[in-house]
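Under the UniProt record's numbering, the residues of the sequence shown are numbered 1 to 319, in order. Ideal placement from N, C-alpha and C gives every residue a C-beta, glycine not left out. None of these values were measured; they are calculated from a predicted model. Below: the structure, in structure tokens.
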Amino acid sequence: MAATPEQKRIFLTALRHSFQKMGLDIVHPFAAQSYNATALGQKNPMHTFNQASTLSLIIGSNKTFWHTFLAQHDPSKLKTAEERKDPMDHYCERLIPQITLEALKEAKLYSDQEGNEFTTAFSVAFSHWRITMPPAGTPPPGSKPTGFVAPPVNTLPIQHVAHAAGFAYFNPVAFLNVHPVYGPWFGMRSIVMVDLPYDISDNETLLITDENATGTYSKDSQPIDFNPAFRDLSPVQMELQTAALEKTKTALLTKGWDPADWEEWVAFRQSLARDRLDWLAWRYSDDQMRYHYMKQPEFLDECARKYRQERQLHQQGVH
């Protein structure tokens, strides 16, 4: 059945509210075809479900994700080696498909009630690896009905998808995306593709405003064609900044990756934002950046323990 504009509005609003509760403040709608038209997209296209313009969403987070995640992190509930390897990735794998499914139900675009079974197909591709079986929260294989569709065969290059989608400029020198509002201080967790038509009004529903500091910046689904980090620089200054980035990156790569050097990689990321003081408000905490680069489960466990202790003391009125 064809979705009504109101059903799509309910779907997107439900997604935003549910994802915000799990710390994922970024929900950016775009047309899958905007990426599929690129050279990379032609080699490994996103699902379009035969739509002329397919609703897809980049799901991401900013610095607020850290404390939301720490509040629920419990290492005793992680059962497998993969889950323990990166609990943050597991958290996203477990909840993003489930939330997508529940939002479709809320918008009456999916029903698994006996005698009234219909689906809206969807697919979830994660930024960190490829899932070919329904993740937790989606209908298991063989169940009826099931709307889950396996993602493309090869991992989607989410950095390039974000650029093509008008979400965040991809800096080819730094290998980092830069957002007009968050700068380099955000993470992209997954791409959700849904068998629904994309329309510009989908962006308007989630647009960043003075009242809503999260969501999407772009009013359309066109590739972002400027580097926000260079917004106030002259061509000469841009050239010097690019040369400095290239020199630092080459030195870091020549040195080789060592987790102990995480602060140097943070400084490299920070250099992208040196001329944009407005981005400092979105800068990750030192603990958040250390885990981002080092991926030490033990350190994450300690951060979660300390955070819960501090929150408990605060609730008790002890300072």
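Query, Result
"Simplified DSSP state of Y169, which is helix, strand or coil", "strand"
"H28 - partner residues in DSSP beta bridges", "I58"
"Whole beta strand (DSSP E) elements within the region 141-213, 3-residue minimum", "169-171, 176-178 and 187-197"
"Anticipated Cβ contact below 8 Å, W185 with W265, distance rounded", "Wrong, their Cβ atoms sit about 14 Å apart, outside the cutoff."
"Run of the beta strand (DSSP E) containing E114, from where it starts to where it stops", "That residue, E114, is in no beta strand (DSSP E); it is neither H nor E in DSSP."
"Cβ distance (whole Å) where S218 is taken to contact G166 below 8 Å", "4 Å"
"Helix, strand or coil at A2 [DSSP, three-state]", "coil"
"Beta-carbon contacts of E82 that lie in its chain and below 8 Å, excluding the five residues immediately before and after", "H90"
"Three CB pairs or more closer than 8 Å across the region 192-206 and the region 56-70", "yes"
"As assigned by DSSP and simplified to three states, the class of residue 349", "No statement about residue 349 is possible, as the shown extent of the chain runs from 1 to 319 and does not include it."
"The alpha helix (DSSP H) enclosing D286, as first and last residue numbers", "D286 to M294"
"Delimiting residues of the alpha helix (DSSP H) encompassing Q72", "F65 to Q72"
"Own chain, CB closer than 7 Å to F49, minus 5 neighbours either side, in chain order", "A121 and D195"
"Buried or exposed (CB count within 10 angstroms, at least 16 for buried), Q312", "exposed"
"Bridge-paired residues (DSSP) for T216", "L207"
"F226 - DSSP class collapsed to helix/strand/coil", "coil"
"Given N36 as reference, the closest of P180, A260 and H163 once Cα atoms are compared", "H163"
"Rounded distance between the beta-carbons of K295 and A174, thought under 8 Å", "Going by Cβ atoms, the distance from A174 to K295 rounds to 20 Å, so no, they are not a contact pair."
"Cβ separation of S123 and E117, assumed to be a contact under 8 Å, to the nearest whole Å", "The pair is not a contact, with the Cβ atoms about 20 Å apart (cut-off 8 Å)."
"Coil, strand or helix - Y110 by DSSP", "coil"
"Where Q33 falls, given that 16 or more other Cβ within 10 Å makes a residue buried", "buried"
"Three-state class that DSSP yields for N44 in the structure shown", "coil"
"Span separating the alpha-carbon of K21 from that of N154", "30 Å"
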